[in-house]
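Protein chains in written order, with this note's numbering: chain F, 496 to 1087; chain U, 8 to 416. Every residue gets a Cβ at the ideal spot worked out from N, C-alpha and C, and that includes glycine.
Below, the structure written as structure tokens:
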């Protein structure tokens, strides 16, 4: 029997980027806010200090910052006809854990989606005709436009101190920036980071091939910065330990380095860590959330009543809590009914590993940051005519080499033995003169009728709740897209003067053991029709109006960019809707 | 039920009536406001509130002195364990002359030699404010000094040697701002209580005002201007530090972090500027240069510095303004006593977060990673590479490690 705590105005589930942003915005509006986080509290200096933050074995190989599969995991299968089995060790993606969530260990690649990404179905249908899309593709428009989100993208970039070169300010194309980006209201708060040699060379080669290369927008600081909340970040040291790692130098934008110091000063904010929300409670009408139930580290169960519930956990946990709490109709791919669990997507990533003459090229690959590099956007979204190619979607490609870490980033030419003296010699010979971009080809993955999540019929978690079951495979459209992008990417390395270029295409079937990105999307998507979306355009549940669900779970399909910028912009967008509309008249904001 | 409430109301009224007999202050908004400001300026909370306690000013915090530990008493208006039953005269006598209600003398851990510079009106207003704080029943065993120091008679002699009664007198040859700063620094702010060297009996060395002292495991550095470690600080730098805990050189941590959090960050900008103006006018000697550091130790320390420290403090020690302290200008680094440097290397430090500088950056501990010789080497390097502070021995590092292991704060 859960013990009941005093009522709060707002309960927030998960204290990562979206939870922190929403907590700040709602506490700032005067509401009494509590955030409940499954993992531990994390502080920059004490939890990932520079003295050991750069420990590849501890963080990358042994996954210290991530959820333990012993705490909870997922089951996986490629096809609906298969039996799903539990994931015992993280592979294709890394579920975050702890205060700051994925915002602690991300690379800080801070992108905006293209204006056409938000109206994808309409845009592609108008340009190519409905028959051009695969029959089982279930892409949708988002219900929100780029122009509506622009001020919120801007807020996040200024919160983070994003380093970058604007490509389009209010419709004027800026030299050196991304000419394909949607118009932005102002430049990035900080200039781009300095580019290492290999990245510079890529930019030069891309330019010579007729492309418009630009530095990747980065939440790694190019100089000291104080954000609008008064919180300060320091300059990046280019140590190359961003992805999988917390930054002990106050140099990478994270909730800890941007929002939390200001948030914890607010007397109407409380955080509760090491506590796992097990369900969202709904009243007898089924139309109103009454709060949440959670279990603390002692195993004691508590009920936290609240007027407003914000679900802001990692993508797949958002979907799980909705399914377990009976909110919204579960998706059934056979009948093609229901909304919770549908349009689940991931990413289509591949790489080109290039080997150069060590006598002529010394790249010093260890000089790096999480989001450093030169990219081109010619093959992203619908920036090019897909007509001749027979697929839709795309991605940016770039020499975004984020590290030269000794365990994982030791590229050797194909054919080298996997261990022993010959392998060691090959590592030594190639270490300084090879290029292995972290996110070389960063491609979209569109949604399909048979890619989804639901509750597993067999396996249970430690609370005896069903695990989430992932059913996912690549479809021909994504395989074609990836081959096209990978080939284009390889041409640039050839132009740089590589003597050997090794293309690592993404191939079907989808492999749960091979890392791609942590960019799981969808499952509780936003949209304009309650029949095909779980949330309205303000990320408000169609079924339970006092519940808002933040995060990439709202993406109807994945675009060809890293999601955090859009995830955060949507959080600000939802916060703005709550502050300016919902609080004045609590109820359904959209009549459908 | 209704009757019980009525009785409670009568008792409350009676209690309030007794309070009124001693002081009208708590009825007076202006007096309470002024008293709150002065209580902040006097930093009553640092000693009289246990950090993290929900019961401000109810005492119980141990105060280390060179002679042993004293515990700050309860100064809420609880009648039995606080100051609720005291008359205004008794309160004034305690704060400004160190004379207890029972006629015995207070130890100077209570900085009455400084508070003597305040006026009777100031003290009355502080009292008025204290009456608005929730009374807490908290008996505190104040005196935990060993015999014979626990005998308060000796304080009569001490007072004769070190205590000069008398309110602050303005100097007509100085500006209004200087005089306001002098009042705050010499009176309620009691800066010298930590920053002025002490005699063997714990009295201020009046000829060495503000030239630095070490207490409770932290160096309170030389804060004179002109030639001391703060020579490069402008008055604005100093005011910004007091107001926010941070500036282009330094970040307040440890005891000074508490002072900023509970006291100086709550003062008006005019007052922190006035304090800065006064302190900038305090001359002090140039620190003695010491170039005796061994070149091998410096080489080892430099290597450790580049590996472990340079990522934040930068290779040239200049740090990041308002975020990472500038070691080449740090008063607690370039000073005779290495206590703070060793402590921060071994244990790390959390700097203060304030409304104007909410970041509150921290430095991690390195004691788990470096042995005593390595700690001494890197400490010697940061003290001797940019400045010329004396080298630190392995033995000093070892002693500081042992001392920190024994500390509970």
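Check whether the Cβ of residue i sits closer than 6 Å to any heavy atom of the ligand NAD, and report yes or no.
i, result
"residue 547 of chain F", "No copy of the ligand NAD appears in this structure; indeed no ligand is present at all."
Roughly how far, in whole angstroms, is the beta-carbon of residue i from the beta-carbon of residue j, given that I think they are within contact range, below 8 Å?
i, j, result
"residue 897 of chain F", "residue 926 of chain F", "So it is not a contact: roughly 16 Å between Cβ atoms."
"residue 48 of chain U", "residue 274 of chain U", "6 Å"
"residue 347 of chain U", "residue 164 of chain U", "Wrong, their Cβ atoms sit about 33 Å apart, outside the cutoff."
"residue 342 of chain U", "residue 252 of chain U", "The Cβ separation is near 19 Å, so there is no contact."
"residue 773 of chain F", "residue 789 of chain F", "6 Å"
"residue 68 of chain U", "residue 79 of chain U", "5 Å"
"residue 795 of chain F", "residue 532 of chain F", "Actually they do not touch by this definition, with Cβ atoms about 16 Å apart."
"residue 559 of chain F", "residue 903 of chain F", "That pair is no contact at about 15 Å."
"residue 756 of chain F", "residue 397 of chain U", "Incorrect: roughly 36 Å between the Cβ atoms, too far for contact."
"residue 893 of chain F", "residue 737 of chain F", "Not quite, the Cβ-Cβ distance comes to about 15 Å (not below 8 Å), so this is no contact."
"residue 1025 of chain F", "residue 1087 of chain F", "5 Å"
"residue 609 of chain F", "residue 662 of chain F", "Not confirmed; about 12 Å, so no contact."
"residue 333 of chain U", "residue 339 of chain U", "No, residue 333 of chain U and residue 339 of chain U are not in contact; Cβ-Cβ is about 12 Å, not under 8 Å."
"residue 211 of chain U", "residue 291 of chain U", "Their Cβ separation, rounded to whole angstroms, is 15 Å, which puts residue 211 of chain U and residue 291 of chain U out of contact at 8 Å."
"residue 444 of chain U", "residue 374 of chain U", "As displayed, chain U neither begins before 8 nor continues past 416, which places residue 444 of chain U out of reach and without an answer."
"residue 1011 of chain F", "residue 588 of chain F", "7 Å"
Excluding sequence positions up to five away, which residues of its chain have a Cβ less than 6 Å from the Cβ of residue i?
i, result
"residue 28 of chain U", "Bear in mind that a pLDDT of 42 at residue 28 of chain U, under 50, signals an unreliable position, so the model cannot answer this."
"residue 635 of chain F", "616, 1022, 1051"
"residue 1088 of chain F", "Outside the displayed span of chain F (496 to 1087) sits residue 1088 of chain F, for which this structure offers no information."
"residue 964 of chain F", "570, 579, 949, 951"
"residue 596 of chain F", "511"
"residue 527 of chain F", "503, 504, 763"
"residue 123 of chain U", "103, 172"
"residue 674 of chain F", "662, 668, 707"
Cutting at 8 Å between CB atoms, please list the residues of its own chain near residue i, excluding the five before and the five after it.
i, result
"residue 140 of chain U", "63, 64, 83, 84"
Please list, in chain order, all residues of the same chain as residue i whose beta carbon is under 7 Å from its beta carbon, the five residues on each side excluded.
i, result
"residue 944 of chain F", "631, 633, 828, 831"
"residue 1081 of chain F", "1041"
"residue 882 of chain F", "623"
"residue 279 of chain U", "246, 249, 250, 271"
"residue 955 of chain F", "961, 962"
"residue 516 of chain F", "754, 1063, 1066, 1067, 1070"
On the DSSP bridge list, what partners appear for residue i?
i, result
"residue 317 of chain U", "None, per the DSSP bridge assignment."
"residue 891 of chain F", "F:937"
"residue 715 of chain F", "F:747"
"residue 800 of chain F", "F:786"
"residue 507 of chain F", "F:530, F:805"
"residue 267 of chain U", "None, per the DSSP bridge assignment."
"residue 225 of chain U", "U:222"
"residue 848 of chain F", "F:997"
"residue 869 of chain F", "F:710, F:894"
Give the secondary structure of residue i by DSSP, where H, G and I count as helix, E and B as strand, and everything else as coil.
i, result
"residue 1087 of chain F", "coil"
"residue 874 of chain F", "coil"
"residue 664 of chain F", "strand"
"residue 216 of chain U", "coil"
"residue 147 of chain U", "coil"
"residue 658 of chain F", "strand"
"residue 995 of chain F", "strand"
"residue 857 of chain F", "coil"
"residue 578 of chain F", "coil"
"residue 982 of chain F", "helix"
"residue 201 of chain U", "helix"
"residue 260 of chain U", "strand"
"residue 425 of chain U", "Nothing can be reported for residue 425 of chain U, as the shown portion of chain U is limited to 8 through 416."
"residue 721 of chain F", "strand"
"residue 977 of chain F", "helix"
Self-check item: alpha helix (DSSP H) runs contained entirely in the region 1009 to 1072 of chain F, provided each spans 4 or more residues
Solution: 1059 to 1072
Quiz prompt | Complete runs of the alpha helix (DSSP H) confined to the region 345 to 411 of chain U [at least 4 residues] | solution = 346 to 354, 379 to 391
Practice problem: Return the chain-ordered ranges of every beta strand (DSSP E) run that is complete within the region 49 to 89 of chain U and spans a minimum of 3 residues. | Solution: 69 to 72, 75 to 78
Quiz item: Residue ranges of each alpha helix (DSSP H) run of no fewer than 4 residues wholly in the region 582 to 632 of chain F, ordered along the chain?
Solution: 597 to 600, 615 to 623
Quiz item: Can you give, in chain order, each stretch of the alpha helix (DSSP H) that sits fully within the region 293 to 344 of chain U and has at least 4 residues?
Solution: 302 to 311, 317 to 320
Self-check item: Ordered list of alpha helix (DSSP H) runs contained in the region 83 to 124 of chain U, each at least 4 residues
Solution: 95 to 104, 119 to 122
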